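Novice:
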Amino acid sequence: DAVINVERTSASNHEGANLDRNHTHFLLIDNCLEAPAAWGGEIPFRFALETVYCEKKRVPRVLIVVQGGPKTLESVYEAVSNKCPVVLITDSGGVATMLHNFLVEARRNFGRGKVPEEFADRFSSPETLDMLKHIAALDQ
Numbered sequence: 001d002a003v004i005n006v007e008r009t010s011a012s013n014h015e016g017a018n019l020d021r022n023h024t025h026f027l028l029i030d031n032c033l034e035a036p037a038a039w040g041g042e043i044p045f046r047f048a049l050e051t052v053y054c055e056k057k058r059v060p061r062v063l064i065v066v067q068g069g070p071k072t073l074e075s076v077y078e079a080v081s082n083k084c085p086v087v088l089i090t091d092s093g094g095v096a097t098m099l100h101n102f103l104v105e106a107r108r109n110f111g112r113g114k115v116p117e118e119f120a121d122r123f124s125s126p127e128t129l130d131m132l133k134h135i136a137a138l139d140q
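This is how it looks when you write it as structure tokens:
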């Protein structure tokens with residue numbers, strides 16, 4: 001075991017994030033990139049590591065989303081793209097609630113090829129909209 005002293009930061013963003021004191025273990029990954037490019041860079045690595053572990057141990061994997069921040073959508077995208085089940089704790093807030101509401105609306109609107117306006121306005125980057133469309137398509 002190693003003890004690492006970490007400076008507190010004021011917010012979770014591309015410059016850094018605080019470790020959650022409610023967690024007991026952390027997997028720290030250095031992807032050799034500088035901020036802001038490093039932000040979220042652990043997501044593909046973590047998913048690949050989980051895949052190897054689950055296959056080796058022959059245990060199932062599921063992604064549970066409670067609240068969630070800016071990069072949680074990428075984790076959900078990575079999971080559904082690799083046929084990993086996702087459980088949304090819908091009233092927890094954050095991305096979990098947003099994604100639940102989006103999927104409910106998507107069932108109504110995507111059949112007609114539309115992105116609901118409230119989501120198009122709020123999540124306007126093409127990458128985010130593509131991820132949402134992909135997730136919604138797999139939910140059908």
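Take 1 as the starting number for the sequence shown in the UniProt record's numbering and just add one per residue. Glycine included, C-beta positions come from ideal geometry on N, C-alpha and C. What you are looking at is a predicted structure, and each value in this text was computed from that prediction instead of being measured.
Report back the beta-carbon spacing between V76 and I135 to the nearest angstrom; my notes put them in contact at under 8 Å.
Specialist: The residue labelled residue 76 in the question sits at position 76 within the sequence shown. The residue labelled residue 135 in the question sits at position 135 within the sequence shown. Yes, V76 and I135 are in contact; Cβ-Cβ is about 6 Å, under 8 Å.
Novice: Going by DSSP in three states, residue 171 sits in which element: helix, strand or coil?
Specialist: Residue 171 is absent from the structure shown; the chain starts at 1 and stops at 140.
Novice: What are the residues that DSSP puts in a beta bridge with V86?
Specialist: Numbered from its first residue, the sequence shown carries residue 86 at position 86. In the DSSP output, where bridge partners are listed per residue, V86 has L63.
Novice: Pick from I64, N31, C54: whose alpha carbon is nearest that of I43?
Specialist: Locating residue 43 in the sequence shown gives position 43, where the first residue counts as 1. The shortest Cα separation from I43 among I64, N31, C54 belongs to N31.
Novice: If you drop the 5 nearest sequence neighbours on each side, which residues of the same chain put their C-beta closer than 6 Å to that of A106?
Specialist: Your numbering for residue 106 matches position 106 in the sequence shown. Correct list, in chain order: A136.
Novice: Taking the alpha helix (DSSP H) that I43 falls in, what are its first and last residues?
Specialist: What you label residue 43 is simply residue 43 of the sequence shown in a count that begins at 1. Start and end: 42 to 57.
Novice: According to the Cβ coordinates, are T128 and V95 closer than 8 Å?
Specialist: One-based indexing of the sequence shown puts residue 128 at position 128. One-based indexing of the sequence shown puts residue 95 at position 95. In this structure, V95 does not lie closer than 8 Å to T128 by Cβ.
Novice: Taking all protein chains shown into account, decide if F102 is buried (16 or more other Cβ within 10 angstroms of its Cβ) or exposed.
Specialist: Counting from 1 along the sequence shown, the entry for residue 102 is found at position 102. By the neighbour-count rule (16 or more Cβ atoms within 10 Å), F102 is buried.
Novice: Where N18 and G40 are concerned, what is the direct C-alpha to C-alpha distance, given to the nearest angstrom?
Specialist: Taking the first residue of the sequence shown as position 1, residue 18 is located at position 18. Taking the first residue of the sequence shown as position 1, residue 40 is located at position 40. When rounded, the distance between both Cα atoms is 14 Å.
Novice: Can you give me the C-alpha to C-alpha distance between R58 and F47, rounded to a whole angstrom?
Specialist: Stepping through the sequence shown from its first residue, residue 58 is reached at position 58. Stepping through the sequence shown from its first residue, residue 47 is reached at position 47. Answer to the nearest angstrom: the Cα atoms are 16 Å apart.
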